[in-house]
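Residue numbers for the sequence shown follow our numbering, so the first one is 4 and each next one is one higher.
Backbone N, C-alpha and C define an ideal beta-carbon position, used for all residues, glycine too.
Read through the structure below, which is laid out as structure tokens, and then see the notes.
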Amino acid sequence: MISLASKLPNIGTNIFSVMSQLAADHKAINLSQGFPDFECPPELINLVSKHMRKGHNQYAPMPGIPALRERISDKIKSLHSVTYDPETEITVTAGGTQAIFTALAAVIQPNDEVIILEPAYDCYSPSIRLLGGLVKTFELSSPDYKIDWDMLKKLISSHTRLIILNSPHNPTGMILAEEDIRQLTHLTQNTDILILSDEVYEHIVFDGEPHLSMARYPQLRERSFIVASFGKLFHNTGWKMGYCVAPSWLMAEFRKVHQFLVFSVNTPVQYALADFMLNENFYLELKDFYQQKRDIFRELMLQTRFDLLPCQGSYFQCVKYNRIANEPDTEFARRLTSDFGVAGIPVSAFYNRRTDEHVLRFCFAKKQETLEKAVERLIKV
Ligand code: GLN
């Protein structure tokens, strides 16, 4: 017998794969895993094949092709009035998840403490553990999942290496407010605490609110890795393209890991993205595009017995099912998929302690007809 001690003994297949598979098995409408059910722009597909035919098929430079890094720098400059140097402060990654893992791997030493706010995107904890870090969780509660900074402060110790933030937040759709930024600035001032800011839904913020990127605030920017995703911008999550920006001293460490994890990422897609990014209206209009979907979905859901939680950003709507059932959210999510034909994500999956407040997450990055069909089924629940 060959023996092996698992490095992640308590981790099974992640909830997105599980629920998407269950949805497929039951031919259910899949509002679980977050991805659009509509196409990415055909021009972008044409650009990829154009660049493939032009011969852009070998390794890209390790941090990404210069043109794409320049476009990213221009985008951040026009959004947040700050310059990230494409040479030293921007790296193109194979999606947000790779950027997150790489940033963590670049800075976590054994027994370093990393603070995460739960519910938290599912890759944070296992990545920290795998790297020998200690996960310190701070639990947020429905309905508004607001951060109590006085309580959060109590988690800080001399071993705190990093705080992971995520705004707009997956799964709750919450966004950071100016007061949160003030508190975070105060909390990290005169410390060595770094920030990993997962901003993959940066362009999906509703009701005229601004996206408060770490890039905007010098005292936060100087200690932050900011992670972004092209899949969320251009409706092509399956292309697995994203990027990370950070001050050069942090980015230098990031690249040391990146070069051995992936070396570089998809060349023709980088060229295509660099061309397509010139069309900045595409991503600037995303907030209106998704706000309309949010509003339609919320309006339709009023006919059901689910209770809507607030949604300020992202393409996720959380709902409570207290008026419908009393079973654990994982069981309810399964039953909803098998018996009623609609799949969602049980929010307990985003808590280490599996805290269950009877909340499900639905993805509304779907065609209107998909949302209508799903709600027709949810009305029957
Ligand atoms: N980000 C997507 C979500 O939250 C899922 C990505 C994945 O399946 N790993 O649903």
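Exercise. Near A109, what residues of its chain come up, given a Cβ to Cβ distance below 6 Å and the 5 sequence neighbours on each side ignored?
Worked result: The residue you call residue 109 lines up with position 106 of the sequence shown. The answer, listed in chain order, is E256, F257, V260.
Exercise. Taking just the CA atoms, how far does K376 sit from K383?
Worked result: As a working note, residue 383 is residue 380 in the sequence shown. As a working note, residue 376 is residue 373 in the sequence shown. So the two alpha carbons sit approximately 12 Å from each other.
Problem set entry | CB contact flag (T188, L223, <8 Å) | One-based indexing of the sequence shown puts residue 188 at position 185. One-based indexing of the sequence shown puts residue 223 at position 220. Contact flag set, yes.
For this session: Say whether the region 41-54 touches the region 272-289, bearing in mind that this needs 3 or more beta-carbon pairs closer than 8 Å, one atom from each stretch.
Result: yes
Problem set entry | Unbroken alpha helix (DSSP H) run spanning N284, endpoints | Here residue 284 refers to the residue found at position 281 when the sequence shown is read from its first residue. Note, N284: alpha helix (DSSP H), 284-287.
Problem set entry | Straight-line Cα distance separating Q315 from A336 | To locate residue 336, count along the sequence shown from 1; it is residue 333. To locate residue 315, count along the sequence shown from 1; it is residue 312. Computed Cα separation, rounded: 23 Å.
Problem set entry | Alpha carbon of C247 to alpha carbon of E379, nearest angstrom | Residue mapping note: residue 247 aligns to position 244 of the sequence shown, counting from 1. Residue mapping note: residue 379 aligns to position 376 of the sequence shown, counting from 1. C-alpha separation (whole angstroms): 40 Å.
Exercise. Of the residues M4, I5, S20, which one's Cα is nearest the Cα of P349?
Worked result: Taking the sequence shown and counting its residues from 1, one reaches residue 349 at position 346. Answer by Cα proximity: S20.
For this session: Decide if the region 94-112 is in contact with the region 128-136; the criterion is three or more beta carbon pairs, one per stretch, under 8 Å apart.
Result: yes
Exercise. Do F319 and P174 have their C-beta atoms closer together than 8 Å?
Worked result: For the purposes of this step, residue 319 is taken as residue 316 along the sequence shown, with counting starting at 1. For the purposes of this step, residue 174 is taken as residue 171 along the sequence shown, with counting starting at 1. A contact, by the Cβ cut-off of 8 Å.
Exercise. When the distance is taken between beta carbons, is M244 closer than 8 Å to G98?
Worked result: Residue numbering aside, residue 98 sits at position 95 when the sequence shown is read from its first letter. Residue numbering aside, residue 244 sits at position 241 when the sequence shown is read from its first letter. In contact: G98 and M244 (Cβ atoms closer than 8 Å).
Problem set entry | Straight-line gap, K156 to I119 (C-alpha atoms, nearest Å) | Residue numbering aside, residue 156 sits at position 153 when the sequence shown is read from its first letter. Residue numbering aside, residue 119 sits at position 116 when the sequence shown is read from its first letter. About 12 Å.
Problem set entry | Option nearest K235 by Cα separation, candidates F38, A346, L34 | Taking the first residue of the sequence shown as position 1, residue 235 is located at position 232. Out of F38, A346, L34, F38 has the C-alpha closest to the C-alpha of K235.
Exercise. How is the beta strand (DSSP E) around L120 delimited, first residue to last?
Worked result: In the sequence shown, counting from the first residue as 1, residue 120 sits at position 117. L120 -> beta strand (DSSP E) spans 116-121.
For this session: Flag this pair as yes or no: are the beta carbons of S144 and E360 separated by less than 8 Å?
Result: Along the sequence shown, read from residue 1 onward, the residue named residue 144 stands at position 141. Along the sequence shown, read from residue 1 onward, the residue named residue 360 stands at position 357. Cβ atoms of S144 and E360: closer than 8 Å.
Problem set entry | DSSP bridge partner residues for D310 (one or two, in chain order) | Counting from 1 along the sequence shown, the entry for residue 310 is found at position 307. Its beta-bridge partners are K323.
Exercise. According to DSSP, which residues form a beta bridge with K139?
Worked result: Mapped onto the sequence shown, residue 139 falls at position 136. K139 pairs with I118.
Problem set entry | Extent of the continuous beta strand (DSSP E) run through R226 | In the sequence shown, the residue the question calls residue 226 occupies position 223. No beta strand (DSSP E) contains R226, which DSSP labels as neither H nor E.
Exercise. Within the chosen definition, does the region 204-212 reach the region 167-182 through at least 3 CB pairs nearer than 8 Å?
Worked result: yes
For this session: For the region 360-374 and the region 319-328, state whether three or more C-beta atom pairs, one from each stretch, are separated by less than 8 Å.
Result: yes
Exercise. Closer than 7 Å: is that where the CB of G347 sits relative to any heavy atom of ligand 1?
Worked result: Residue mapping note: residue 347 aligns to position 344 of the sequence shown, counting from 1. Result no, Cβ not under 7 Å from ligand 1.
For this session: Taking only the alpha-carbon atoms, compute the straight-line gap between E225 and D88 and give it to the nearest angstrom.
Result: Your numbering for residue 225 matches position 222 in the sequence shown. Your numbering for residue 88 matches position 85 in the sequence shown. Using only the alpha carbons, I get a separation of about 13 Å.
For this session: Return helix, strand or coil for P349, following the three-state DSSP convention.
Result: Stepping through the sequence shown from its first residue, residue 349 is reached at position 346. Three-state DSSP puts P349 in a strand.
Problem set entry | Of the listed residues T140, H162, S161, P122, nearest to P146 (C-alpha basis) | If you number the sequence shown from 1, residue 146 lands on position 143. Nearest of T140, H162, S161, P122 to P146, Cα basis: P122.
For this session: Return the chain-ordered list of same chain residues with a C-beta closer than 6 Å to the C-beta of Y293, the five sequence neighbours on each side being excluded.
Result: Walking along the sequence shown from the start, residue 293 turns up at place 290. The residues are I207, Y318.
Exercise. What's the C-alpha gap between S170 and N114?
Worked result: Looking up residue 170 in the sequence shown gives position 167. Looking up residue 114 in the sequence shown gives position 111. If you take the alpha carbons of S170 and N114, they lie about 26 Å apart.
Problem set entry | Whole-angstrom distance between T240 and I299, CA atom to CA atom | Indexing the sequence shown from 1 puts residue 299 at position 296. Indexing the sequence shown from 1 puts residue 240 at position 237. Roughly 23 Å separates the two Cα atoms.
Problem set entry | Secondary structure of D153, DSSP reduced to three states | One-based indexing of the sequence shown puts residue 153 at position 150. In this structure, D153 counts as helix in the three-state DSSP scheme.
For this session: Can you grab the Cα-Cα spacing for the pair L47 / D332, in whole Å?
Result: Taking the first residue of the sequence shown as position 1, residue 47 is located at position 44. Taking the first residue of the sequence shown as position 1, residue 332 is located at position 329. So the alpha carbons of these two residues sit roughly 39 Å apart.
Exercise. Is it right to say Q66 is buried, meaning 16 or more other beta carbons lie within 10 angstroms of its own, or is it exposed?
Worked result: Residue 66 sits at position 63 when you count from the first residue of the sequence shown. Here the sequence assigns Pro to residue 66, which means Gln is not the residue at that position. So P66 ends up on the buried side.
For this session: Under 8 Å by Cβ, that's how I've got L311 and M304 pegged, so tell me the actual separation to the nearest angstrom.
Result: Here the question's residue 311 lines up with position 308 in the sequence shown. Here the question's residue 304 lines up with position 301 in the sequence shown. Going by Cβ atoms, the distance from L311 to M304 rounds to 6 Å, so yes, they are a contact pair.
Exercise. For the beta strand (DSSP E) that F365 lies in, which residues bound it at each end?
Worked result: By 1-based counting over the sequence shown, the position of residue 365 is 362. Element bounds for F365: 362-366.
For this session: Could you spell out the range, first to last residue, of the alpha helix (DSSP H) harbouring I184?
Result: Within the sequence shown, residue 184 is the residue found at index 181, counting from 1. Start and end: 181-191.
Problem set entry | Residue span of the beta strand (DSSP E) that contains D201, given as start and end | Residue numbering aside, residue 201 sits at position 198 when the sequence shown is read from its first letter. Here the beta strand (DSSP E) through D201 covers 197-201.
Problem set entry | Where the beta strand (DSSP E) through T96 begins and ends | Within the sequence shown, residue 96 is the residue found at index 93, counting from 1. 93-96 is the span of the beta strand (DSSP E), which, as asked, contains T96.
Problem set entry | Spatially closest choice to I182 from S128, M22, R164, L215, by CA coordinates | Taking the first residue of the sequence shown as 1, we reach residue 182 at position 179. The residue you asked about is not Ile; residue 182 is Glu in the sequence shown. It is L215.
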